[in-house]
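Undergrad:
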Amino acid sequence: MTRIKAERREKLGKENAKKIRKQSYIPAVIYGQGKVYEHIKVKYGDMMKVLKEGATNFEIELEDGKIYKVRLQDVQIHPVLDQPIHFDFYKLND
């Protein structure tokens, strides 16, 4: 299974998301079973590579080594730039 490295986001909100995108990251969330597990950011290049491969199920590894098995649930696309601006990942059962 493909594995993507990610980092936790401490600050949330629109302004922080803009800063994250300027650093070539994309904000994302991992949720499942009615609750949010993590607010994260993933590298733009890493995610584009995975999307081009056609993978929808993969693992996300956080900086502390915690690994989530996830499914890509939703991608928000910028209406003008036609680039992803946010990912929703659904946590799969272990």
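Be aware that the sequence shown starts at 96, since it is given in my numbering, and climbs by one per residue. Each residue gets a CB set at the ideal place from its N, CA and C atoms; glycine is no exception.
Give the straight-line distance between the Cα atoms of E110 and T97, rounded to the nearest whole angstrom.
TA: 31 angstroms
Undergrad: By alpha-carbon positions, which one of D169, D177 and Q178 ends up nearest to Y185?
TA: D169
Undergrad: So the candidates are I121, R116 and Y126; which of them puts its Cα closest to the Cα of Y163?
TA: Y126
Undergrad: Would DSSP call E154 helix, strand or coil?
TA: strand
Undergrad: Does DSSP put V137 in a helix, in a strand, or in coil?
TA: strand
Undergrad: Compare the C-alpha of H173 against each of E105, R103 and R116 and name the closest.
TA: R116
Undergrad: CB-CB under 7 angstroms to Y36, same chain, minus the five flanking residues each way: which ones, in chain order?
TA: With the chain represented from 96 up to 189, any question about residue 36 goes unanswered, as that position is not in the structure.
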